[in-house]
Structure formats: structure tokens, C-alpha cells
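Report on the following structure.
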Amino acid sequence: MSHNLENQVLAFAGICQAASLVQQVARQGTIKDKDQLSATLNSILMTDADQTADIYGGKAQLALGYQTIIDQLGSNEGRKNAELTRYLVGTVALERKLAKRRDLMAMLGERINQVKRQRHHFELLDEQVLANLASIYSDIVSPIGPRIQVAGEPNFLQQPLVQHQIRALLLAGIRSAVLWRQLGGQRRQILFSRKRLVTQAQAALREI
Numbered sequence: 001m002s003h004n005l006e007n008q009v010l011a012f013a014g015i016c017q018a019a020s021l022v023q024q025v026a027r028q029g030t031i032k033d034k035d036q037l038s039a040t041l042n043s044i045l046m047t048d049a050d051q052t053a054d055i056y057g058g059k060a061q062l063a064l065g066y067q068t069i070i071d072q073l074g075s076n077e078g079r080k081n082a083e084l085t086r087y088l089v090g091t092v093a094l095e096r097k098l099a100k101r102r103d104l105m106a107m108l109g110e111r112i113n114q115v116k117r118q119r120h121h122f123e124l125l126d127e128q129v130l131a132n133l134a135s136i137y138s139d140i141v142s143p144i145g146p147r148i149q150v151a152g153e154p155n156f157l158q159q160p161l162v163q164h165q166i167r168a169l170l171l172a173g174i175r176s177a178v179l180w181r182q183l184g185g186q187r188r189q190i191l192f193s194r195k196r197l198v199t200q201a202q203a204a205l206r207e208i
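So in full-length UniProt numbering, the last spot in the sequence shown is 208, and the numbers never skip.
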């Protein structure tokens, strides 16, 4: 396996993990593994890492993402989840539109720097930080469409904290999609190179 494919799949696992956590909080109202949530959200703020894995705090933090690749793209039809597929496709489509807007990308960078400064005073999972990350998604990313419609338990979806987490996680998915594209990731790989992606994800999980 090439090092480049390894990094591509790592970034794709980042997209998958963000999508999986969106589904989890929308349906259960909470995310059990706060380390997974922290690693995924912190990737938004990691804009100058030396190695790709450092963006997520190491491969081990992406175990859920790698497993999601195996479940979604593997041969076991019973493990596939149409809702997750919709989130993944929607995230990649949004990032492609965003990449064509230099003005929005510049705004995105400025707003992320604001959150970095906020982090000097607040924990990453503090509601104020989550609200700030969520507003970046709502203000800059979501309006360019197509919007990602998140399904879940209505009682949970009405809670402000759940809404903030969902939007912050969608922003994290976009961040990983930017990285994936920068590393040479393409949509056709999801259609035509599934076996290679799954094999690499399995290899990564064995190393964790």
C-alpha cells in the first residue's frame, strides 16, 4: 500500500467518523466516547500538523472512522447504512462547492482562527466553543448547498447542545473532505476502488 493511499484513507476515515458521530448524537442525544468527539472536532483547528495522522491525534483516534469505511464499503450488505451514505455523499458534495469559493475559504480560515483564540480560555467541548464551531458551519458552509438533512430523534434534535454538536461535526467532516481532496482523494474512488479503501482501513485497524 502506498503511503499516499494510507493518508487518503486516513482522511476519508475522518469524514466517516464525523458522519457516524452525527448519526449517533442525532439518534441518542449524546456521544459516549468523548475522546472520539474531541479528536474529530480538534481536527478543525489543526491547520499546521507535521503528519496527516497528527491532525487527529494519531490513527487510534480514528478507529470508528476506519470501521465505518469497512461497514459502508465492504461486501457485507447487512452492515451498510443508507443514512450514513447520504451524510458522506453530502459532505463531499458540499466541500467541492466550497473549494471553488476562495472568498468563503478565506472567511472559514478567519473564523477558525477565532475559535483557536477562544480555546485559550475554554475547553474544546465547552458549549460556547461548540456553538462557535456550529455557527461557522451555519454561516459559511450550509448556505452554499445542497444542505445535509440530518435524521434523528425529534426530542434530541430540538436541544441546542445537540444542534451545536451536529453542526460542529459536519464542519469537521468538511475539514476532512478538504484534506482528502488535497491528498488526491476523488469521488470515483468510493465507487470504483472500494476494495482498496477497505483493505487499507482493515490494515490501519490492525495497527491500532
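Cβ coordinates follow ideal geometry from the N, Cα and C atoms, glycine included.
Val-115 versus Glu-127: straight-line alpha-carbon distance, rounded: Looking up residue 115 in the sequence shown gives position 115. Looking up residue 127 in the sequence shown gives position 127. For Val-115 and Glu-127, the distance between alpha carbons rounds to 12 Å.
Whole-Å CB distance - Thr-52 paired with Leu-94, under 8 Å assumed: What you label residue 52 is simply residue 52 of the sequence shown in a count that begins at 1. What you label residue 94 is simply residue 94 of the sequence shown in a count that begins at 1. 21 Å between Cβ atoms; not a contact.
Tyr-66 vs Ala-201 beta-carbon contact at 8 Å: Looking up residue 66 in the sequence shown gives position 66. Looking up residue 201 in the sequence shown gives position 201. Yes.
Beta-carbon proximity check, Ala-134 vs Gln-158, cutoff 8 Å: As a working note, residue 134 is residue 134 in the sequence shown. As a working note, residue 158 is residue 158 in the sequence shown. Contact: no.
Proximity below 8 Å, CB of Ile-69 to CB of Phe-12: As a first step, residue 69 is located in the sequence shown; it is residue number 69 there, counting from the start. As a first step, residue 12 is located in the sequence shown; it is residue number 12 there, counting from the start. Against a cut-off of 8 Å, the Cβ pair of Phe-12 and Ile-69 comes out as a contact.
Cβ neighbour criterion (16 or more within 10 Å) applied to Asn-113: Reading the sequence shown from its first residue, position 113 is the one you call residue 113. Exposed, by the Cβ-count rule.
Residue interval of the alpha helix (DSSP H) (run including Pro-143): Taking the sequence shown and counting its residues from 1, the one referred to as residue 143 is at position 143. No residue range can be given for Pro-143, since it is assigned to no alpha helix (DSSP H) and is classified by DSSP as neither H nor E.
Short Cβ contact (8 Å threshold) for Leu-124 with Ser-20: Reading the sequence shown from its first residue, position 124 is the one you call residue 124. Reading the sequence shown from its first residue, position 20 is the one you call residue 20. No.
Straight-line Cα distance separating Arg-117 from Glu-83: Taking the sequence shown and counting its residues from 1, one reaches residue 83 at position 83. Taking the sequence shown and counting its residues from 1, one reaches residue 117 at position 117. Answer to the nearest angstrom: the Cα atoms are 35 Å apart.
Span of the alpha helix (DSSP H) around Lys-97: In the sequence shown, residue 97 corresponds to position 97, counting from 1. Segment 82-99, the alpha helix (DSSP H) holding Lys-97.
Within-8 Å CB hit, Gly-152 to chain D: Considering every chain present, this structure includes no chain D. It has just one protein chain.
Inter-residue Cα distance where the pair is Ala-168 and Gly-29: Working through the sequence shown from its first residue, we reach residue 168 at position 168. Working through the sequence shown from its first residue, we reach residue 29 at position 29. If you take the alpha carbons of Ala-168 and Gly-29, they lie about 15 Å apart.
Simplified DSSP state of Glu-207, which is helix, strand or coil: Walking along the sequence shown from the start, residue 207 turns up at place 207. Looking at Glu-207 - three-state DSSP - the assignment turns out to be helix.
Pick from Val-22, Arg-79 and Asp-71 that is closest to Ala-172, judged by C-alpha positions: Locating residue 172 in the sequence shown gives position 172, counting from the first residue. Closest by alpha carbon: Val-22.
Cα-Cα separation, Asn-7 to Gln-36: Translated into the one-based positions of the sequence shown, residue 7 becomes position 7. Translated into the one-based positions of the sequence shown, residue 36 becomes position 36. Between Asn-7 and Gln-36, the C-alpha separation is close to 19 Å.
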